[in-house]
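Residue numbering for the sequence shown follows this note's numbering, starting at 113 and increasing by one per position. Just so you know, even glycine gets a beta-carbon here, dropped at the ideal spot from N, CA and C. The model shown is predicted, which means the values in this text are computed figures rather than measured ones. Notes for the one structure printed next.
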Amino acid sequence: MKRKHQLISDTFKAKKQKLAFGSEPSEQEGPEAVDSALQFLASLFPRKLFEDSLPPLILRHQIYSLVKDRTTVDRRLSQLKDEGRIRIFQHGLDAETFFVTFTDAYKSKVLEFASGKEFARTVTKFLDSVVTSCPDISYDKKRMLNEFGFKDTEITQLVNAGVLTVRDAGSWWLAVPRAGHFVKYFIKGRKAVLGMIQKSKYKEVLLSDLQNRRTPRAVKLGIPYHIHDIIGAQLVDCVPTTTGTLLRLADD
(Lines of atoms letter the chains of each structure in order from A and count residues from 1; the text may use other names and numbers.)
(Lines give C-alpha, C1' and ligand atoms only; values in the text may rest on other atoms or scores of the structure.)
Protein backbone atom coordinates (compact mmCIF):
# COMPACT_ATOMS: atom_id res chain seq x y z
CA MET A 1 0.00 0.00 0.00
CA LYS A 2 2.81 2.42 0.82
CA ARG A 3 4.40 1.72 -2.55
CA LYS A 4 1.11 2.30 -4.34
CA HIS A 5 0.47 5.64 -2.69
CA GLN A 6 4.07 6.77 -3.24
CA LEU A 7 3.85 5.95 -6.93
CA ILE A 8 0.71 7.95 -7.51
CA SER A 9 1.93 10.84 -5.38
CA ASP A 10 5.19 11.01 -7.32
CA THR A 11 3.35 10.85 -10.64
CA PHE A 12 1.19 13.84 -9.84
CA LYS A 13 4.09 15.79 -8.36
CA ALA A 14 6.12 15.19 -11.49
CA LYS A 15 3.37 16.60 -13.70
CA LYS A 16 3.93 20.35 -13.59
CA GLN A 17 0.82 22.45 -13.85
CA LYS A 18 -0.29 25.98 -13.08
CA LEU A 19 -2.74 25.92 -10.20
CA ALA A 20 -5.53 28.36 -9.50
CA PHE A 21 -5.46 27.76 -5.76
CA GLY A 22 -2.59 26.80 -3.49
CA SER A 23 0.48 25.02 -4.80
CA GLU A 24 1.19 21.59 -6.16
CA PRO A 25 2.12 18.83 -3.70
CA SER A 26 5.75 18.93 -2.64
CA GLU A 27 8.19 16.38 -1.31
CA GLN A 28 7.10 17.19 2.23
CA GLU A 29 5.81 14.55 4.60
CA GLY A 30 3.79 14.78 7.78
CA PRO A 31 1.29 17.58 8.46
CA GLU A 32 2.84 19.81 5.80
CA ALA A 33 2.08 17.19 3.15
CA VAL A 34 -1.56 17.12 4.21
CA ASP A 35 -1.77 20.91 4.02
CA SER A 36 -0.25 20.89 0.53
CA ALA A 37 -2.62 18.14 -0.59
CA LEU A 38 -5.64 20.12 0.65
CA GLN A 39 -4.52 23.18 -1.29
CA PHE A 40 -3.83 21.15 -4.42
CA LEU A 41 -7.15 19.31 -4.35
CA ALA A 42 -9.00 22.56 -3.72
CA SER A 43 -7.43 23.88 -6.92
CA LEU A 44 -9.03 21.02 -8.86
CA PHE A 45 -12.53 21.90 -7.69
CA PRO A 46 -14.43 23.47 -10.62
CA ARG A 47 -15.77 26.64 -9.03
CA LYS A 48 -17.09 28.03 -12.32
CA LEU A 49 -19.30 24.98 -12.79
CA PHE A 50 -21.27 26.11 -9.75
CA GLU A 51 -20.96 29.83 -10.57
CA ASP A 52 -18.62 30.16 -7.59
CA SER A 53 -21.50 29.48 -5.20
CA LEU A 54 -19.77 26.61 -3.35
CA PRO A 55 -16.57 26.47 -1.33
CA PRO A 56 -13.99 24.04 -2.74
CA LEU A 57 -15.17 20.59 -1.67
CA ILE A 58 -12.57 17.88 -1.10
CA LEU A 59 -13.26 14.27 -0.26
CA ARG A 60 -11.22 13.08 2.68
CA HIS A 61 -10.11 9.96 0.84
CA GLN A 62 -8.78 12.04 -2.06
CA ILE A 63 -6.01 13.19 0.27
CA TYR A 64 -4.96 9.55 0.68
CA SER A 65 -4.02 9.52 -3.01
CA LEU A 66 -1.34 12.13 -2.30
CA VAL A 67 -0.25 11.35 1.27
CA LYS A 68 0.68 7.73 1.81
CA ASP A 69 0.27 7.64 5.60
CA ARG A 70 -3.46 7.66 6.34
CA THR A 71 -2.90 8.06 10.05
CA THR A 72 -1.02 11.27 9.37
CA VAL A 73 -3.90 12.50 7.21
CA ASP A 74 -6.54 11.71 9.80
CA ARG A 75 -4.57 13.26 12.65
CA ARG A 76 -3.87 16.44 10.72
CA LEU A 77 -7.48 16.81 9.61
CA SER A 78 -8.60 16.34 13.20
CA GLN A 79 -6.15 19.03 14.32
CA LEU A 80 -7.23 21.46 11.60
CA LYS A 81 -10.88 20.82 12.48
CA ASP A 82 -10.28 21.43 16.18
CA GLU A 83 -8.41 24.64 15.34
CA GLY A 84 -11.39 25.81 13.30
CA ARG A 85 -9.47 25.97 10.02
CA ILE A 86 -11.50 23.34 8.19
CA ARG A 87 -14.99 21.90 8.43
CA ILE A 88 -15.89 18.27 7.78
CA PHE A 89 -19.26 17.20 6.39
CA GLN A 90 -21.16 13.95 5.92
CA HIS A 91 -23.40 14.40 2.89
CA GLY A 92 -25.11 11.04 2.77
CA LEU A 93 -23.10 9.12 0.15
CA ASP A 94 -22.12 6.47 2.69
CA ALA A 95 -21.02 6.33 6.31
CA GLU A 96 -17.31 6.45 5.42
CA THR A 97 -17.38 9.31 2.92
CA PHE A 98 -16.66 12.76 4.28
CA PHE A 99 -16.18 16.12 2.59
CA VAL A 100 -13.69 18.73 3.73
CA THR A 101 -13.61 22.47 3.06
CA PHE A 102 -11.90 25.50 4.51
CA THR A 103 -13.90 27.23 7.25
CA ASP A 104 -13.45 30.75 5.92
CA ALA A 105 -14.58 29.72 2.44
CA TYR A 106 -17.57 27.88 3.90
CA LYS A 107 -18.69 30.87 5.95
CA SER A 108 -18.25 33.22 3.01
CA LYS A 109 -20.36 31.13 0.62
CA VAL A 110 -23.06 30.50 3.23
CA LEU A 111 -23.33 34.24 3.95
CA GLU A 112 -23.53 35.00 0.22
CA PHE A 113 -26.33 32.46 -0.15
CA ALA A 114 -28.28 33.73 2.86
CA SER A 115 -27.91 37.41 2.05
CA GLY A 116 -31.29 39.12 1.70
CA LYS A 117 -33.27 35.99 2.61
CA GLU A 118 -35.64 35.66 5.56
CA PHE A 119 -33.29 33.29 7.35
CA ALA A 120 -30.20 35.50 6.93
CA ARG A 121 -30.10 36.66 10.56
CA THR A 122 -30.51 33.11 11.90
CA VAL A 123 -27.80 31.80 9.59
CA THR A 124 -25.40 34.54 10.70
CA LYS A 125 -26.14 33.72 14.32
CA PHE A 126 -25.45 30.05 13.61
CA LEU A 127 -22.12 30.78 11.93
CA ASP A 128 -21.02 33.09 14.76
CA SER A 129 -22.19 31.02 17.72
CA VAL A 130 -21.93 27.41 16.52
CA VAL A 131 -19.62 27.06 13.52
CA THR A 132 -17.03 29.40 15.03
CA SER A 133 -16.92 27.69 18.42
CA CYS A 134 -17.87 24.05 17.82
CA PRO A 135 -16.01 21.85 15.30
CA ASP A 136 -18.52 18.97 15.44
CA ILE A 137 -20.08 17.62 12.24
CA SER A 138 -23.53 17.15 13.81
CA TYR A 139 -25.66 18.68 16.55
CA ASP A 140 -28.56 17.39 18.61
CA LYS A 141 -31.65 19.30 19.67
CA LYS A 142 -30.64 19.58 23.32
CA ARG A 143 -27.40 21.35 22.44
CA MET A 144 -29.05 23.59 19.87
CA LEU A 145 -31.71 24.70 22.35
CA ASN A 146 -29.82 24.81 25.63
CA GLU A 147 -26.17 25.37 24.78
CA PHE A 148 -26.45 27.51 21.67
CA GLY A 149 -29.77 29.21 22.44
CA PHE A 150 -31.71 28.46 19.27
CA LYS A 151 -35.48 28.15 19.10
CA ASP A 152 -37.35 25.41 17.27
CA THR A 153 -38.38 27.92 14.61
CA GLU A 154 -34.76 28.96 14.10
CA ILE A 155 -33.64 25.35 13.69
CA THR A 156 -36.30 24.98 11.02
CA GLN A 157 -34.90 28.05 9.30
CA LEU A 158 -31.40 26.55 9.37
CA VAL A 159 -32.73 23.39 7.74
CA ASN A 160 -34.52 25.45 5.11
CA ALA A 161 -31.30 27.38 4.52
CA GLY A 162 -29.41 24.13 3.91
CA VAL A 163 -26.82 24.58 6.66
CA LEU A 164 -28.36 21.69 8.59
CA THR A 165 -29.75 18.43 7.22
CA VAL A 166 -31.64 15.82 9.19
CA ARG A 167 -29.46 13.07 10.61
CA ASP A 168 -32.19 11.35 12.62
CA ALA A 169 -34.98 12.39 14.99
CA GLY A 170 -33.66 15.32 17.00
CA SER A 171 -30.23 15.69 15.40
CA TRP A 172 -28.76 17.30 12.29
CA TRP A 173 -25.64 17.16 10.15
CA LEU A 174 -23.76 20.35 9.37
CA ALA A 175 -24.24 20.89 5.64
CA VAL A 176 -23.22 22.98 2.65
CA PRO A 177 -26.11 24.87 1.05
CA ARG A 178 -26.67 23.95 -2.61
CA ALA A 179 -24.28 20.98 -2.44
CA GLY A 180 -26.90 18.67 -3.94
CA HIS A 181 -25.80 19.42 -7.51
CA PHE A 182 -22.20 18.67 -6.59
CA VAL A 183 -23.15 15.28 -5.11
CA LYS A 184 -25.09 14.37 -8.28
CA TYR A 185 -22.20 15.39 -10.52
CA PHE A 186 -19.77 13.50 -8.31
CA ILE A 187 -21.73 10.24 -8.48
CA LYS A 188 -22.19 10.45 -12.27
CA GLY A 189 -18.58 11.46 -12.82
CA ARG A 190 -17.13 8.66 -10.75
CA LYS A 191 -19.30 6.14 -12.59
CA ALA A 192 -18.19 7.53 -15.96
CA VAL A 193 -14.46 7.46 -15.13
CA LEU A 194 -14.68 3.92 -13.77
CA GLY A 195 -16.60 3.03 -16.93
CA MET A 196 -13.72 4.32 -19.05
CA ILE A 197 -11.38 1.94 -17.26
CA GLN A 198 -13.92 -0.89 -17.38
CA LYS A 199 -14.11 -0.62 -21.17
CA SER A 200 -10.33 -0.63 -21.59
CA LYS A 201 -8.44 -3.82 -22.39
CA TYR A 202 -7.96 -5.93 -19.27
CA LYS A 203 -9.90 -3.24 -17.35
CA GLU A 204 -6.77 -1.17 -16.93
CA VAL A 205 -5.36 2.05 -18.33
CA LEU A 206 -2.18 4.06 -17.97
CA LEU A 207 -2.63 7.01 -15.66
CA SER A 208 -1.05 9.31 -18.25
CA ASP A 209 -3.49 8.12 -20.92
CA LEU A 210 -6.49 8.64 -18.67
CA GLN A 211 -5.31 12.15 -17.79
CA ASN A 212 -5.03 13.06 -21.46
CA ARG A 213 -8.32 11.62 -22.65
CA ARG A 214 -11.15 13.84 -23.78
CA THR A 215 -13.41 14.51 -20.83
CA PRO A 216 -16.82 12.83 -21.21
CA ARG A 217 -19.85 15.07 -20.78
CA ALA A 218 -20.82 13.21 -17.60
CA VAL A 219 -17.51 14.10 -15.94
CA LYS A 220 -18.34 17.67 -15.02
CA LEU A 221 -15.92 17.81 -12.08
CA GLY A 222 -12.96 16.97 -14.31
CA ILE A 223 -10.96 13.78 -14.75
CA PRO A 224 -8.12 14.82 -12.37
CA TYR A 225 -10.64 15.36 -9.56
CA HIS A 226 -12.03 11.87 -10.08
CA ILE A 227 -8.63 10.23 -10.48
CA HIS A 228 -7.79 11.27 -6.92
CA ASP A 229 -11.22 10.04 -5.86
CA ILE A 230 -10.99 6.54 -7.28
CA ILE A 231 -7.40 6.07 -6.12
CA GLY A 232 -8.04 7.34 -2.60
CA ALA A 233 -11.20 5.25 -2.33
CA GLN A 234 -9.18 2.21 -3.50
CA LEU A 235 -11.53 1.56 -6.40
CA VAL A 236 -8.45 1.05 -8.58
CA ASP A 237 -5.03 -0.45 -7.94
CA CYS A 238 -1.91 1.47 -8.96
CA VAL A 239 0.51 -0.84 -10.76
CA PRO A 240 4.06 0.27 -11.64
CA THR A 241 5.11 -0.42 -15.24
CA THR A 242 8.02 0.63 -17.45
CA THR A 243 5.69 3.06 -19.22
CA GLY A 244 4.22 4.61 -16.10
CA THR A 245 1.63 3.93 -13.45
CA LEU A 246 -1.21 1.66 -14.54
CA LEU A 247 -4.67 2.01 -13.03
CA ARG A 248 -6.46 -1.32 -12.77
CA LEU A 249 -9.97 -1.82 -11.50
CA ALA A 250 -9.80 -3.28 -8.01
CA ASP A 251 -11.35 -6.66 -7.34
CA ASP A 252 -14.82 -6.47 -5.82
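Whose CA, out of the options, lies closest to the CA of residue i?
i       : options                               : result
Trp-285 : Val-271, Ile-339, Asp-363 and Gln-310 : Val-271
Leu-319 : Leu-359, Val-295 and Gly-334          : Leu-359
Ala-291 : Arg-159, Ala-281 and Gly-307          : Arg-159
Ala-362 : Val-242, Phe-211, Phe-225 and Gly-307 : Gly-307
Ala-154 : Gly-228, Asp-349, Phe-214 and Asp-181 : Phe-214
Val-348 : Asp-216, Lys-311, Arg-197 and Lys-315 : Lys-315
Thr-357 : Gly-334, Gly-142 and Gln-323          : Gln-323
Gln-346 : Phe-162, Phe-157, Phe-231 and Arg-182 : Arg-182
Glu-144 : Thr-184, Leu-161 and Leu-156          : Thr-184
Val-295 : Phe-152, Val-331, Asp-248 and Glu-230 : Val-331
Pro-352 : Val-317, Leu-333, Ile-335 and Pro-336 : Val-317
Leu-94  : Gly-282, Arg-199 and Val-275          : With the chain represented from 113 up to 364, any question about residue 94 goes unanswered, as that position is not in the structure.
Ile-309 : Ile-335, Asp-240, Tyr-297 and Val-278 : Ile-335
Ser-241 : Gly-196, Val-212 and Pro-289          : Gly-196
Ser-245 : Arg-199, Leu-276 and Gly-204          : Arg-199
Leu-333 : Pro-289, Phe-231, Leu-156 and Gly-344 : Leu-156
Phe-231 : Glu-141, His-203, Pro-289 and Gly-204 : Pro-289
Glu-141 : Arg-188, Ile-170, Cys-350 and Glu-208 : Arg-188
Arg-279 : Lys-193, Val-243 and Phe-201          : Phe-201
For a test of the three-state rule: what should DSSP assign to residue i, helix, strand or coil?
i       : result
Arg-188 : helix
Ile-299 : helix
Leu-318 : strand
Val-212 : strand
Leu-171 : strand
Arg-290 : coil
Ser-241 : helix
Ser-283 : strand
Phe-231 : coil
Phe-157 : coil
Arg-197 : coil
Ala-207 : coil
Glu-144 : helix
Ser-220 : helix
Gln-202 : coil
Evaluate residue i with the Cβ neighbour count: other Cβ atoms within 10 Å of its Cβ, from every protein chain shown; 16 or more gives buried, anything less gives exposed.
i       : result
His-293 : exposed
Lys-313 : exposed
Ile-267 : buried
Gln-191 : exposed
Arg-329 : exposed
Arg-326 : exposed
Ile-299 : exposed
Ser-148 : buried
Val-146 : buried
Thr-277 : buried
Ala-273 : buried
Please specify which runs of the alpha helix (DSSP H), each continuous and at least 4 residues long, are wholly inside the stretch 244-280, giving them in chain order. 264-273
Identify every run of the alpha helix (DSSP H) within the stretch 315-362, keeping only runs that are complete inside it and at least 4 residues long; order them along the chain. 319-324 and 335-344
Using 8 Å as the Cβ pair cut-off and three pairs as the minimum, do the stretch 225-237 and the stretch 300-318 touch? no
Taking 8 Å as the cut-off, does the stretch 206-223 touch the stretch 159-168 (at least 3 CB pairs, one atom from each stretch)? yes
Kindly confirm or deny that the stretch 325-341 and the stretch 173-185 touch, where touching means at least three C-beta pairs closer than 8 Å. yes
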